[in-house]
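Protein chains: 2
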Amino acid sequence: MRLTPATELEYRCKMLQNHMAAEGLDAIIIAQNADLFYFTGTVQSGCLYVPAHGQPLYLVRRDAARARMESGLKEVLPFGSPKDIPQLAAGHGYPEPKKIGMEFDVLPVALFERYRKVFPNAQFSDATPLIRLVRMIKSHYEIHLMKDAADQVDKVTRRVRDVLREGMSDLELAAELEHTARLNGHLGLIRMRVFNGEMLFGHTFSGTDSAVPAYTDTPFGGVGPSPCFGQGASYKPISRNEPIIVDFAGSFDGYLVDQTRIFALGGLSDRLRKGYDDMLRVQELMKQIVVVGAPWGEVYDRCLALAVEMGYADSFMGAKGSQVSFIGHGLGVEIDEYPFIARGFQDMTFQVGMAFAFEPKVVFPGEGAVGIENTFYISDEGLKQLTYSSEELVILSR
Amino acid sequence: MRLTPATELEYRCKMLQNHMAAEGLDAIIIAQNADLFYFTGTVQSGCLYVPAHGQPLYLVRRDAARARMESGLKEVLPFGSPKDIPQLAAGHGYPEPKKIGMEFDVLPVALFERYRKVFPNAQFSDATPLIRLVRMIKSHYEIHLMKDAADQVDKVTRRVRDVLREGMSDLELAAELEHTARLNGHLGLIRMRVFNGEMLFGHTFSGTDSAVPAYTDTPFGGVGPSPCFGQGASYKPISRNEPIIVDFAGSFDGYLVDQTRIFALGGLSDRLRKGYDDMLRVQELMKQIVVVGAPWGEVYDRCLALAVEMGYADSFMGAKGSQVSFIGHGLGVEIDEYPFIARGFQDMTFQVGMAFAFEPKVVFPGEGAVGIENTFYISDEGLKQLTYSSEELVILSR
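Protein chains in written order, with full-length UniProt numbering: chain A, 1 to 398; chain B, 1 to 398.
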């Protein structure tokens, strides 16, 4: 358990204030857990008031004592409700804000209305794009945490060899891997920003189930244990000669990595073996073309073009009719951060400090799915890979 | 894995339309996963358009084929974005809605704006209170699902005797219990409606950790594994002669129950033993006074009064300064449904079909916490208890 260093928090706040200045914002009020963790170092019930200049105010309903203990911020103030904010801000010499940013992509309408009533003369706008820009550039400290998460997910992946057996259900395999993850510090929680975003430790499933599309914006969906939660592992028994997918998100001290590896008992069809090798080729292409300054959307387009050229127009990143329009996603505190290696992002470019998962995958309905996923970051010396489990197809003869 | 019967869905929609008529709403557009599951029988990416009269339209972006397979609704229509709604509704003969309800407590501002642009002349209001009123009355079918969840949580609770040992960490114990739960059909997911609501399988912790308040609106908080997720089990080793709390939510086929039991290795202080017995007395009082027509807030007030009379003014439902103002909460698809057995709910009364968890607890900082929690429902014959694990303090001599 680590506490986010105060210097990290100061730098993050400074970066946000730089973006605020460019947008002419007088204040940003942050209310969502993942953003609170990033900018305060803890998650308490309350909000963070970030003025255009000066120290941010962490306004905490509960628990203020824990906030003081866990947060490196200088100003932790108990508060009761948004109504208290104007007085607390004025008490610190901050002018009445005319332009306020809030997290429009996650803040519920009813809660927003409460804040709006508190500042009836202010103009509100969406602060999430600015928050995303700050969070997208990882510090060395953050990359260290992600390395710990990569160690965790490697332990989970190696555990598959010990526990995998014919006839066990996808859910039983998932339960074993989740157990291993928890014993290795997995928080049990994967934060996802998108509305209705729900994810457990990842997706563990086999054969035909791996090719079933779900409501999630992912290339693999899965049947899941119930229509109530129709994604991931189901009660399907694992058979010989079918792909077993272990798409697992490591989660350590608040930071995530994402990795996918493929296993099989017996063997795999030529189509699946070739599909897997071809996805490694897509990964190789990505490694060559992700350089500082390259547009996200261009990397997407070129990788997609290679997949199409190799014959996967109808199977790349999902079964025909359910294909997703991305191949990679930034991650850190949440699983869906900038950058998006996705269609249309031609104006956003790769920069030093970005971390992302890249997951070229092919899906053959009625047969199964294969692919690879690793988490990368861009260091001063170029692209580095954070997740490191062996990339060979694991074919177990038992 | 069960599919929600079409008759259930029809009845739920009819009840919602009754409430809509009373409020003068022309349509409700439902977008959140838990509500979608309740009203459609599945969770897909999309929304449910409920007109004042006639069949609801399930508009599905992905995956429409699964929606048709899993939902008992007659009208499942593929759609691309909210822009398609007016045409799809008109195509079914539904008039242009002037008053539309949406889920203001969970719908993000940015998504709401997209819907509002689609219906520029409509007046929008919060549909969540109406949805809550429908969901609060459980059918026999729903109670059956909750009974299955009660079986699951009993298995988890009995598992504690097998795995508990001195020196293991709270997290290790939690991991064992989560594993047992998953092998018994636990979805791994606990849906919570409140903004920023986050919960894993429940809260497993021991001794002083059980008395640490957290950001969650719960009597027990816990330290958690990291400031990023500061609730529940931590790395604290379990010692002799301290309370071990297993507050666990069963989750089966989309329905929840909540149960808390207390264990100890060696023994417990007289104060904690007496505290536990006294919380059983609070539970006994609740069983006597929860009758059809009794106001929720009155049950809260009387149970609180008994706790205060027994000397727990500063420890009941949280440590002094962190006390919560409820003793029970409705549950079903989400862990925070109507009814709220909480301060101030004097106008809402108990009715046949309601299901709720009741959790009188006392917290002694620096020592630990004890209490009991069970899930109940109100049948035609009166109050029934769904969770049934032995209510004796489990003192293990090993």
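Ideal Cβ positions, reconstructed from N, Cα and C, are used throughout, including at glycine.
CB contact flag (residue i, residue j, <9 angstroms)
{"i": "Thr219 (chain B)", "j": "Glu359 (chain B)", "result": "The question names Thr, yet the displayed sequence has Pro at residue 219 (chain B). Result yes, Cβ atoms of Pro219 (chain B) and Glu359 (chain B) sit closer than 9 angstroms."}
{"i": "Met279 (chain A)", "j": "Ile372 (chain A)", "result": "yes"}
{"i": "Val43 (chain A)", "j": "Ile28 (chain A)", "result": "no"}
{"i": "Gly80 (chain A)", "j": "Arg61 (chain A)", "result": "yes"}
{"i": "Gly221 (chain B)", "j": "Asp170 (chain B)", "result": "no"}
{"i": "Val291 (chain B)", "j": "Gly353 (chain B)", "result": "no"}
{"i": "Asn196 (chain B)", "j": "Gln32 (chain A)", "result": "yes"}
{"i": "Glu242 (chain B)", "j": "Leu268 (chain B)", "result": "yes"}
{"i": "Arg165 (chain B)", "j": "Arg398 (chain B)", "result": "yes"}
{"i": "Gly321 (chain B)", "j": "Pro213 (chain B)", "result": "yes"}
{"i": "Ala127 (chain B)", "j": "Phe104 (chain B)", "result": "yes"}
{"i": "Ala355 (chain B)", "j": "Ile30 (chain B)", "result": "no"}
{"i": "Met146 (chain B)", "j": "Leu386 (chain B)", "result": "yes"}
{"i": "Tyr300 (chain B)", "j": "Ala369 (chain B)", "result": "no"}
{"i": "Met192 (chain B)", "j": "Pro225 (chain A)", "result": "no"}
{"i": "Phe205 (chain B)", "j": "Ile395 (chain B)", "result": "no"}
Expected contact under 8 angstroms - CB spacing of residue i and residue j to nearest Å
{"i": "Gln11 (chain B)", "j": "Gly54 (chain B)", "result": "Strictly speaking, residue 11 (chain B) in this sequence is Tyr, with Gln absent from that position. In fact, because the Cβ distance is near 15 angstroms, the residues do not count as touching under 8 angstroms."}
{"i": "Val257 (chain B)", "j": "Tyr38 (chain B)", "result": "No, Val257 (chain B) and Tyr38 (chain B) are not in contact; Cβ-Cβ is about 17 angstroms, not under 8 angstroms."}
{"i": "Ile244 (chain A)", "j": "Ile238 (chain A)", "result": "6 angstroms"}
{"i": "Gln231 (chain A)", "j": "Phe248 (chain A)", "result": "Wrong, their Cβ atoms sit about 14 angstroms apart, outside the cutoff."}
{"i": "Gly101 (chain B)", "j": "Ala6 (chain B)", "result": "So it is not a contact: roughly 24 angstroms between Cβ atoms."}
{"i": "His186 (chain B)", "j": "Gln152 (chain B)", "result": "6 angstroms"}
{"i": "Ser389 (chain A)", "j": "Arg261 (chain A)", "result": "6 angstroms"}
{"i": "Ala305 (chain A)", "j": "Gly328 (chain A)", "result": "About 15 angstroms; that fails the 8 angstroms criterion."}
Where residue i falls: helix, strand or coil (DSSP)
{"i": "Ser322 (chain B)", "result": "coil"}
{"i": "Cys47 (chain A)", "result": "strand"}
{"i": "Tyr312 (chain B)", "result": "coil"}
{"i": "Pro120 (chain A)", "result": "coil"}
{"i": "Arg261 (chain A)", "result": "strand"}
{"i": "Leu77 (chain A)", "result": "strand"}
{"i": "Gln351 (chain B)", "result": "coil"}
{"i": "Ala90 (chain B)", "result": "helix"}
{"i": "Arg343 (chain A)", "result": "coil"}
{"i": "Lys138 (chain B)", "result": "coil"}
{"i": "Phe195 (chain B)", "result": "coil"}
{"i": "Lys287 (chain A)", "result": "helix"}
{"i": "Leu111 (chain A)", "result": "helix"}
{"i": "Ser169 (chain A)", "result": "strand"}
{"i": "Phe205 (chain A)", "result": "strand"}
{"i": "Ile244 (chain B)", "result": "strand"}
{"i": "Gln385 (chain B)", "result": "strand"}
{"i": "Gly24 (chain A)", "result": "coil"}
{"i": "Pro295 (chain A)", "result": "strand"}
{"i": "Val160 (chain A)", "result": "helix"}
{"i": "Arg302 (chain B)", "result": "helix"}
{"i": "Asn374 (chain B)", "result": "strand"}
{"i": "Val60 (chain A)", "result": "strand"}
{"i": "Tyr235 (chain B)", "result": "coil"}
{"i": "Ser125 (chain A)", "result": "strand"}
Under 7 angstroms from the C-beta of residue i: neighbouring residues of chain A
{"i": "Arg62 (chain B)", "result": "Pro213, Tyr215 and Ser322"}
{"i": "Gln32 (chain B)", "result": "Asn196"}
{"i": "Cys228 (chain B)", "result": "Phe37, Val43, Leu187, Asp253 and Gly254"}
Partners in chain B for residue i, counting only beta-carbon separations shorter than 7 angstroms
{"i": "Ser45 (chain A)", "result": "Tyr215"}
{"i": "Ala175 (chain A)", "result": "His179, Arg182 and Leu183"}
{"i": "Glu172 (chain A)", "result": "Leu183"}
{"i": "Leu3 (chain A)", "result": "Pro227"}
Partners in chain B for residue i, counting only beta-carbon separations shorter than 9 angstroms
{"i": "Arg158 (chain A)", "result": "Those within 9 angstroms of Arg158 (chain A) in chain B number zero; the least Cβ separation is about 18 angstroms."}
Chain A contact residues for residue i, given Cβ-Cβ distances below 8 angstroms
{"i": "Glu10 (chain B)", "result": "What Glu10 (chain B) touches in chain A: nothing, since even the nearest Cβ is about 17 angstroms away."}
{"i": "Pro365 (chain B)", "result": "Ordered by position in chain A, no residue passes the 8 angstroms Cβ test against Pro365 (chain B), which lies about 11 angstroms from the chain."}
{"i": "Met348 (chain B)", "result": "Per Cβ cutoff of 8 angstroms: no residues; Met348 (chain B) is ~19 angstroms from chain A at best."}
Cβ-heavy atom distance, residue i to the ligand SAH, below 8 angstroms
{"i": "Pro339 (chain B)", "result": "As far as ligands go, the structure on display features none, and thus does not contain the ligand SAH."}
Chain-ordered neighbours of residue i on chain B, where CB pairs are closer than 8 angstroms
{"i": "Glu70 (chain A)", "result": "Pro227 and Gly230"}
Contacts of residue i in chain A (Cβ-Cβ under 9 angstroms)
{"i": "Leu200 (chain B)", "result": "Leu187, Gly188 and Leu189"}
C-beta neighbour in chain D for residue i, strict 9 angstroms
{"i": "Arg66 (chain B)", "result": "Checking the listed chains, one finds no chain D in this structure; the protein chains it contains are A and B."}
Going along the chain, which residues of the stretch 104-135 of chain B sit with their C-beta nearer than 7 angstroms to a C-beta in chain A?
Legend: CB atoms of the stretch 104-135 of chain B lying less than 7 angstroms from CB atoms of chain A belong to residues Phe104, Asp105, Val106, Leu107, Pro108, Val109, Ala110, Leu111, Phe112 and Asp126.
Where the stretch 275-306 of chain B meets chain A: residues whose CB sits under 7 angstroms from a CB there
Cβ contacts with chain A come from no residue of the stretch 275-306 of chain B.
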